[in-house]
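**Q** Quick one: the structure is below, and I'll ask about it shortly.
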Amino acid sequence: DIQMTQSPSSLSASVGDTVTISCRASQTVSNFLNWYQQKPGRAPTLLIYIVSNLYSGVSPRFSGSGSGTEFTLTINDLQPDDFATYYCLQSYRTPRTFGQGTRLEI
Amino acid sequence: EVKLVESGGGLVHPGGSLNLSCEASGFSFSGSAIHWVRQSAGKGLEWIGHIRSKTNSYATVYSESVKDRFTISRDDSKNTAYLLMNNVKADDSAIYYCSRHISVAGLDVWGQGTTVAVSS
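Residue numbers (this note's numbering), protein chains in the order written: chain A, 2 to 107; chain B, 3 to 122.
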């Protein structure tokens, strides 16, 4: 199975900051890498697909980059609504595997 | 509006069975693959399997953790996918989500989840 490792596991930031979350794959996932946001008690929502494509309705303050095994989610100008947990997901190989999550706290 | 609604969760004894449903609306259900993902309390997300469309022979794939115990099926006439859970264990306690897969964006829309608790 492809292991997905996110760093950091948790992150403290302030409104207006820019933060970066990393996701590393144990082997190449090509460009089959998505990012999700999850708020407490809610289902995950798609932010970024195929590494860097912004999903419909998602703020352009979110961006993604990377290739192969190293990927990054960047959130610019943090807003109160952004404080949540973020997950990467590879869909290059079955089983699909998620990163362990990064909790973004105020 | 594209929507998925899970139901059927509840309390089940170890070794018992439970059948979850995922009802879809607002899109072409018959042409979409449906995935199931679970999340144990306070934990991360775990992909457990999917079922593809009729065009792809309703092919199913499962994670090792549920293979041979769980079965994913679908009824396109009812726009509904199912997750039959047999021989459940305490580790199967989780919120179960279904999600639509589209070719470009992958798992784009998720249901609100249904909670399964395995306890004697």
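Backbone N, C-alpha and C fix where the C-beta goes; we use that ideal spot for every residue, glycine too. Note that the structure is a prediction, hence the values are computed from the model and not measured.
Lys5(B) by DSSP, collapsed to three states: which one?
**A** Within the second sequence, numbered from 1, the residue matching residue 5(B) stands at position 3. DSSP places Lys5(B) in strand when its eight states are reduced to three.
**Q** Along chain A, in chain order, which residues have C-beta atoms closer than 8 Å to that of Val118(B)?
**A** Taking the first residue of the second sequence as 1, we reach residue 118(B) at position 116. Within 8 Å Cβ-Cβ: nothing; Val118(B) doesn't reach chain A, min ~15 Å.
**Q** Evaluate Val68(B) with the Cβ neighbour count: other Cβ atoms within 10 Å of its Cβ, from every protein chain shown; 16 or more gives buried, anything less gives exposed.
**A** What you label residue 68(B) is simply residue 66 of the second sequence in a count that begins at 1. It counts as buried.
**Q** Would you kindly work out how many angstroms separate the C-alpha atoms of Leu13(B) and Arg97(A), rounded to a whole number?
**A** Locating residue 13(B) in the second sequence gives position 11, counting from the first residue. Locating residue 97(A) in the first sequence gives position 96, counting from the first residue. The alpha-carbon atoms of Leu13(B) and Arg97(A) are separated by roughly 27 Å.
**Q** I'd like the span of the beta strand (DSSP E) that includes Arg104(A), first residue to last.
**A** Translated into the one-based positions of the first sequence, residue 104(A) becomes position 103. Counting along the chain, the beta strand (DSSP E) containing Arg104(A) begins and ends at 103–106.
**Q** On the DSSP bridge list, what partners appear for Leu109(B)?
**A** In the second sequence, counting from the first residue as 1, residue 109(B) sits at position 107. Its beta-bridge partners are His103(B).
**Q** Which complete alpha helix (DSSP H) runs does the stretch 6–55 of chain B hold, if anything under 4 residues is left out?
**A** Entirely contained in the stretch 6–55 of chain B, not one alpha helix (DSSP H) run reaches 4 residues.
**Q** Please list, in chain order, the chain A residues whose beta carbon lies closer than 9 Å to that of Trp112(B).
**A** Against the second sequence, residue 112(B) aligns to sequence position 110. By Cβ distance, chain A contributes Tyr37, Ala44, Pro45, Thr46, Leu47.
**Q** Can you tell me whether Thr21(A) is buried or exposed? The criterion is at least 16 other CB atoms within 10 Å of its CB, across all chains shown.
**A** Position 20 of the first sequence, counting from 1, holds the residue named residue 21(A). With fewer than 16 Cβ atoms within 10 Å of its Cβ, Thr21(A) is classed as exposed.
**Q** May I ask you to verify whether the stretch 11–25 of chain A touches the stretch 74–88 of chain B, counting CB pairs closer than 8 Å and requiring at least 3?
**A** no
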